[in-house]
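Note sheet for the following structure.
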Amino acid sequence: MSDLGAQLRLAGRDVLLVGGPAKALGLVGRLLDRQAAITVVAPSVATSIQDLAERGALAWHARTYAPADLTGIALVVACPTGGPEDEALERVRDDADRAGILVADLQADTYRRAAGAGAGAGAGASPGPTPNPSTGPTPGPTGEARTVGSVTLVGGGPGDPGLLTLAGLEAVRDADVVVVDRLAPLEVLRDLGPHVQVIDVAKIPRGRFTPQERINEVLLDHARAGRKVVRLKGGDPFVFGRGMEEVLACREAGVPVDVIPGVTSAVAAPALAGVPVTHRGLVQGFAVISGHAAPDDPRSTVDWASLAASGVSIVVLMGVETLPRIAAALVAAGREAQTPVACIMDAATTRQRVATTTLGELSAGRIPPGVSAPAVTVVGAVAQFAAQPAPDA
Ligand code: SAH
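Reminder that position 35 of the sequence shown reads as 292 in our numbering, one-by-one numbering, no gaps.
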C-alpha cells in the first residue's frame with residue numbers, strides 16, 4: 258500500500274477496511290490525508306479509529322463483514338486482527354476479486370503472533386515483537402542475561418506528519434513498539450516494519466479510554482522485555498500530555514527514558530490558521546490554558562481575572578465545552594466584549610476548519626457553527642488575523 262498507494266488516485270473514492278486494528282492506524286492516517294472516503298467494518302476497532310468515526314472523519318460499522326459492504330467500493334483492505342473474525346478475510350478477498358475490486362492486505366504475516374495485541378486498548382506486554390538485537394543483553398539483578406529496553410516520549414506535532422521533528426521520526430522508525438494517542442500524526446505509522454507492534458491507548462473525551470496507570474504499565478512492561486518503546490503523543494509531550502507522569506513512572510522503575518519535544522498545537526494550530534500568538538506592537542506574550550475545568554469549577558486553579566487583565570493572547574486547549582463560561586469570566590473581569598476569538602478545529606489535517614467570533618458573542622452562549630473538539634481557541638487581538646477559507650473552498 259505504501260508504494261503503490263502513492264500512485265493511486267483515492268480522493269473521494271470509497272475505501273473499505275475489513276478489520277480495524279491499531280496496526281491499521283498508519284494506513285488510515287494515509288487514506289485520510291489522501292481524502293479517501295473510508296468505511297471500516299469490524300466488530301471492534303482500535304480506539305483511535307472509533308474516535309475518528311465519532312468525529313465524522315470515517316464511517317465504522319460495528320459488525321462482521323457482509324458481501325453488500327462491497328457495493329460502490331474502489332479498494333478493499335483486509336486487516337487481520339488476530340481474532341476469529343479474520344476467518345472472513347479470505348471470503349472478503351474472493352468476493353472482491355469476483356467483483357473486480359482492488360484488494361490490498363495490511364502486512365498480514367505477523368498478526369497471528371501479535372494475537373490481537375494491536376486490536377485495541379487492552380494491549381498487554383506479550384506476546385510481542387522480539388527485542389531489537391542492537392539493545393544487547395546485560396546481566397539482570399539475579400545475574401541472568403537480560404536485555405534492557407527504553408522508553409522515548411515523542412512529541413508528534415499537531416497531526417501533519419511533516420510537523421513531526423526529524424529526531425521524532427528517527428525514534429519512531431527505530432522502535433519495536435509504538436504506543437500511540439488519538440491526536441498523534443497517525444500517518445507516520447504507515448511505514449513501520451511488520452515486526453513493529455502498534456498499541457493504541459487513545460482517550461476519547463468522556464468515552465472509551467485506557468487509564469494512565471495502565472498506559473504506564475504497558476510502557477514499562479515492554480521496556481522491561483527489552484524493547485525500544487516509543488510513546489507517540491500529539492503536540493508536545495509536556496503540554497497537557499501527561500508526559501511527566503510517564504517519565505516519572507519510568508524513572509521509578511529504573512527504565513531508561515528520554516523525551517523528544519514536539520510542535521505543540523497551542524502554537525501550531527493558530528499558526529496554520531494565519532494567527533501569530535504574538536505580534537510586535539500588538540501583544541507581548543501568550544498564555545496556554547487548559548479549559549478542561551471551567552472558571553466557575555471548583556477544580557479550576559486558574560486566576561481568570563488576572564489573565565483577563567494581563568493583555569496577553571490567551572490560548573485555550575480542551576475548552577470547546579467550557580468556552581462560553583471562559584468568555585463570560587474574561588468579560589466579567591474587564592476584557593472587552595469586542596475582543597476577537599479564533600477557533601481552529603482539527604488543525605494540520607485535511608479536515609482543518611477555522612471559526613471566528615468575539616468574546617461577547619461567546620459569553621452569550623453563541624458558539625459559531627462547526628466548532629467541535631479537538632480545537633484550539635485564541636482570544637486576543639491576534640485572532641483578527643485568522644484566515645477564513647474562501648466561501649466555496
Ligand atoms: N500535547 C498536546 C495537547 C494535548 S491536550 C499539544 O501539545 O498539542 C489535547 C488538546 O490539544 C485538544 O483538546 C485540543 O485543544 C488540542 N489539540 C491537539 N491537537 C489538535 C489539533 N490537531 N487541532 C486542534 N486542536 C488540537
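Positions of the beta carbon are idealized from the N, C-alpha and C atoms, including for glycine.
None of the values given here were measured: they were computed from a predicted structure.
Distance cut-off 8 Å: residue i Cβ against heavy atoms of ligand 1
i, result
"L440", "yes"
"G538", "no"
"I571", "no"
"I546", "no"
"D603", "yes"
"V298", "no"
"M575", "yes"
"P494", "yes"
"V633", "yes"
"S522", "yes"
"A526", "yes"
"A630", "yes"
"T607", "no"
"G416", "yes"
"K490", "yes"
"F497", "yes"
"G627", "no"
"G464", "no"
"G519", "yes"
"G419", "no"
"G412", "yes"
Opposing strand residues paired with residue i [DSSP bridges]
i, result
"H536", "V540"
"H318", "V298"
"K485", "S407"
"M602", "R610 and A632"
"K280", "Answer by DSSP bridge pairing: none, since K280 is not bridged."
"L359", "L332"
"L274", "V297 and V334"
"Q454", "V434"
"I571", "A544 and V636"
"V514", "V408"
"K460", "Answer by DSSP bridge pairing: none, since K460 is not bridged."
"P597", "T615"
"G413", "None, per the DSSP bridge assignment."
"G500", "According to DSSP, G500 bridges with nothing at all."
Inter-residue Cα distance where the pair is residue i and residue j
i, j, result
"T328", "V636", "47 Å"
"R312", "V512", "36 Å"
"V285", "A630", "20 Å"
"A506", "Q595", "46 Å"
"E342", "A335", "11 Å"
"G519", "T409", "12 Å"
"P418", "Q454", "19 Å"
"G393", "A590", "Unreliable placement is indicated for G393, whose pLDDT of 42 sits below 50; the coordinate value is still reported in the next sentence. Answer to the nearest angstrom: the Cα atoms are 60 Å apart."
"A319", "I358", "22 Å"
"I461", "R608", "18 Å"
"A510", "F495", "20 Å"
"L265", "A293", "11 Å"
"T634", "V411", "24 Å"
"A441", "T521", "11 Å"
"A586", "E347", "59 Å"
"D553", "K485", "44 Å"
Beta-carbon proximity list for residue i, same chain, < 6 Å, skipping 5 on both sides
i, result
"Q641", "P597"
"V212", "In the structure as shown, the chain starts at 258 and stops at 650, and residue 212 therefore has no counterpart that could be examined."
"A356", "L327"
"R439", "S305, D308 and A459"
"E578", "none"
"A551", "T579 and R582"
"D362", "A335"
Own chain, CB closer than 7 Å to residue i, minus 5 neighbours either side, in chain order
i, result
"L525", "Inspection of the sequence shows that residue 525 is occupied by Ala rather than by Leu. Hits under 7 Å: G414, P415, L420, A604 and A605."
"A353", "L327, V333 and V360"
"L288", "L267, V272 and I295"
"F497", "S547, L574 and M575"
"V588", "A594, L616, G617 and S620"
"E401", "Bear in mind that the predicted position of E401 carries a pLDDT of just 47, short of 50, making it too unreliable to give a figure here."
"A314", "L289 and R608"
Close Cβ partners of residue i (< 8 Å) along its chain, the five nearest in sequence each way excluded
i, result
"V445", "G283, G286, G413, P418, L421, L426, V429 and L489"
"L539", "A638 and V639"
So, do the segment 296 to 308 and the segment 321 to 338 have three or more beta carbon pairs nearer to each other than 8 Å? yes
Under 8 Å: do the segment 600 to 612 and the segment 621 to 631 share three or more Cβ pairs, one atom per stretch? yes
For the segment 530 to 548 and the segment 568 to 584, state whether three or more C-beta atom pairs, one from each stretch, are separated by less than 8 Å. yes
Mind the definition here: the segment 526 to 536 touches the segment 551 to 562 only if three or more C-beta pairs lie below 8 Å; say whether that holds. no
Would the segment 432 to 446 and the segment 474 to 487 be scored as touching if the rule is three or more Cβ pairs under 8 Å? yes
Segment contact, 8 Å Cβ cut-off, at least three pairs: the segment 267 to 279 with the segment 326 to 345: yes
Would the segment 456 to 475 count as touching the segment 498 to 508 if we require 3 or more Cβ pairs under 8 Å? yes
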